[in-house]
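Single-structure report; data block below.
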Amino acid sequence: MIGKYSLLQIALFVFGLVSCLLYPLSIVWPSGWSWHAGPPMASHYFMMIVGVYATLGVFLILAARNPAANKSLIWFTVVSSAVHAVIMAVQAIGDPMQHGHLLGDVPALLAVAVVLGGLMMAQGRRGV
């Protein structure tokens, strides 16, 4: 326990904040976070993903207050992040123009899955 907050609470807040910052990340490092040429607003698909991740980010930040009451959301984040990372990695490996994702959003998604999943298991919160 770090002060009155657990490592899980801190991780939920940090990953929630990063999820909310997907748009600025795509501006700063487009080859690692954006899957299209041009500015982020040029892709309707990308803006939809930004909206989904910003929403998830807000809920992860809220879940940091009481992780035990938000197990389903946390496990959804773990599993969906792992699945998303695997799909993106396969796509990035198959397209040399997308290799930047192997150093950007793919490891970020895997970090979310491993850290949150590991912390949930360490705290005995396996079930949903």
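Quick note on numbering: our numbering labels position 103 of the sequence shown as 104, and the sequence is numbered without any gaps. Even for Gly, the Cβ is constructed at its ideal location relative to N, Cα and C.
| query | result |
| --- | --- |
| Anticipated Cβ contact below 8 Å, Leu13 with Ala65, distance rounded | 4 Å |
| Neighbourhood of Ser82 by C-beta distance below 7 Å, restricted to the same chain and skipping five residues each side | Leu110, Val113, Ala114 |
| Sequence-distant residues of its chain with Cβ nearer than 6 Å to Gly17 (five each side left out) | Gly58, Leu61, Ile62 |
| Ser73 versus Leu117, Leu8, Ile28, residue with shortest Cα-Cα distance | Leu117 |
| Among Met98, Leu22, Asn67, nearest to Met48 - alpha-carbon criterion | Leu22 |
| Residues of its chain near Ala93, where Cβ-Cβ distance is below 7 Å and the 5 sequence neighbours each way are ignored | Gln99, His100, His102, Leu103, Val107 |
| CA-to-CA distance, Met121 to Pro41, given in whole angstroms | 34 Å |
| beta-carbon Val84 near the ligand FMN non-hydrogen atom, thresh 8 Å | Here there are no bound small molecules, and the ligand FMN is not part of this structure. |
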